[in-house]
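Colleague: The sequence shown runs -16 to -1, 1 to 324 under mature numbering (1 follows the signal peptide of the UniProt record, and there is no 0).
Where a beta carbon is used, it is the ideal one built from N, C-alpha and C, also for glycine.
Please read all numbers here as calculations on a predicted model, not as lab measurements.
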Amino acid sequence: MHALLCLLGLCGLAVGHVHILNSPESSHDVTAPSTLSPVAARLVLAHRAGVESYHRSELSNPDVLDAINTFGERRSVVQTSKPKKKKMLVLADGDSNSVADNSLHGESSSFMISPAPSIEQVRNLWVDLAKQAHPNIYSLASDDEMLRTLSSTKGGEFLIANGSAALDSALRKFKDRIITLYMPEKGATGADWGTYDMPRLHDGLRKRKRDQDPLAPAATGSSSAPHKGPSHGSLCFASIEACEKDTGSCSGHGNCIQSAPGCFACKCAAKKDGKRTTYWAGTKCDKVDVSVQFWLIALFTVGLIGVISFAIGEVYALGNEKLPSVIGAGVAGIGARARS
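(1) In or out: residue 110 buried (at least 16 other Cβ within 10 Å) or exposed?
(2) Using 8 Å as the Cβ pair cut-off and three pairs as the minimum, do the stretch 220 to 237 and the stretch 250 to 262 touch?
(3) Using the three-state DSSP reduction, which class does residue 293 fall into: helix, strand or coil?
(4) If you compare alpha carbons, which of 35, 283, 177 and 278 is closest to residue -1?
(5) Given that a residue counts as buried once 16 or more other Cβ atoms are within 10 Å of its Cβ, and exposed if not, what is residue 71?
(6) Using 8 Å as the threshold, is the C-beta distance between residue 18 and residue 95 below it?
(7) Using the Cβ count rule (16 or more neighbours within 10 Å means buried), how would you classify residue 268?
(8) Cα-Cα, which of 266, 221, 285 and 146 is closest to residue 123?
(9) From the DSSP output, read off the bridge partner residues of residue 45.
(10) What is the C-beta distance between residue 105 and residue 38, in whole angstroms, given that I count them as a contact (C-beta under 8 Å)?
(11) Beta carbon of residue 35, beta carbon of residue 52: below 8 Å?
(12) Starting from residue 249 and walking both ways along the beta strand (DSSP E), at which residues does that stretch end?
(13) Terminal residues of the continuous alpha helix (DSSP H) containing residue 273?
(14) Let's see if you can read the secondary structure: which residues bound the alpha helix (DSSP H) around residue 263?
(15) Taking the alpha helix (DSSP H) that residue 232 falls in, what are its first and last residues?
(16) Report the rounded CA-to-CA distance for residue 10 versus residue 56, giving the unit in angstroms.
(17) Tell me where the beta strand (DSSP E) around residue 1 begins and ends.
(18) Can you have a look at residue 183 and say buried or exposed, based on whether 16 or more other CB atoms are within 10 angstroms of its CB?
(19) Give me, in chain order, the residues of the same chain whose beta-carbon lies closer than 6 Å to that of residue 263; leave out the 5 immediate sequence neighbours on both sides.
(20) Helix or strand or just coil, what does DSSP make of residue 124?
As structure tokens, then:
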């Protein structure tokens, strides 16, 4: 591998390696390794993961289009009833030189990434790809939680294999639908993945440029801060522990429950004190719910206005009625007798 890099003029650079094990029905031609920029490599990985819609800004670049045509997913225009297995994207987190050969079993295509971003930046990209693929599940999770999830079998089609044993297990389990990525521990200076969009539940897309450390407090827009939940403006937290910690166990007036996949929020409870029942509301159950009293007052006020309006209307209608003719005749007769 080192000799090949020197022949390509890359032996002094930090280089990443991507190997794509192809299934027989969708195999690519096995060619000599090509070298892609980090941006083009990101677009290929995004295309393979089915989230290229978040990476449209560079699709007009001819080099990016060539890379996608060469290494991207080949999709048939004919729809079939048989569901297609998703590709498994595996980041080999460890010494790539000791495990790189393990990914070459079977028919594969491969390319190199130069200059290569650091392993920290690649972990960040893996986190973002998973959030783009499953925004309803992962978009509210912090980077810490995502890294723990992707390092286990709970990450779906995204996995961070910590060491050769985990990588070998993934290669045996997923066989012909695995894409492995090996990156140097220390990346090249100034190498980054570029800018792309990230999903948000309520505020549309937001821009992301992953070129900083994954867990730095000011690194990106993804943090453990709560976001608006999917219903009733509740605050969403990625775990029940985060919900209880940030809300003070719902201010002691409720419990943290899972209101949606990947979303934990406060559910307020009523407190009965003798004959009086207090209802609590708010994202942290820290406000007294006066909606019942409000509606009682509102309905009473509307009813009272209605009754008064009806009474005024009846009096006005009565005043507009003409006097009976008998009263008019009696008055005229009295005047006639007085003149005689």
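Modeller: So, from the data block:
(1) With at least 16 other beta carbons inside 10 angstroms of its own, residue 110 counts as buried.
(2) Contact between the stretch 220 to 237 and the stretch 250 to 262 is present: 3 or more CB-CB pairs across the two stretches fall below 8 Å.
(3) Looking at residue 293 - three-state DSSP - the assignment turns out to be helix.
(4) Selected option, being the one with the closest Cα: 177.
(5) Residue 71 comes out buried.
(6) A distance below 8 Å separates the beta carbons of residue 18 and residue 95.
(7) Looking at its Cβ environment, which holds 16 or more other Cβ atoms inside 10 Å, residue 268 is buried.
(8) Just measuring C-alpha positions, the residue of 266, 221, 285 and 146 sitting nearest residue 123 is 221.
(9) In DSSP, residue 45 forms no bridge with anything.
(10) At roughly 17 Å, the Cβ-Cβ gap does not stay under 8 Å, so residue 105 and residue 38 are not in contact.
(11) No Cβ-Cβ contact shorter than 8 Å links residue 35 with residue 52.
(12) 247 to 252 is the span of the beta strand (DSSP E), which, as asked, contains residue 249.
(13) Premise fails: residue 273 is in no alpha helix (DSSP H) and is neither H nor E.
(14) Annotation: residue 263 is outside any alpha helix (DSSP H) and is labelled neither H nor E by DSSP.
(15) In this chain, the alpha helix (DSSP H) harbouring residue 232 covers 224 to 235.
(16) Annotation note: pLDDT 46 at residue 10 (below 50); position unreliable, no value reported.
(17) Counting along the chain, the unbroken beta strand (DSSP E) around residue 1 starts and ends at -1 to 5.
(18) In summary, residue 183 is buried, with 16 or more beta-carbon neighbours lying within 10 Å of its beta-carbon over all protein chains present.
(19) Same-chain partners within the cutoff: 254 and 273.
(20) Reduced to three states, the DSSP call for residue 124 is coil.
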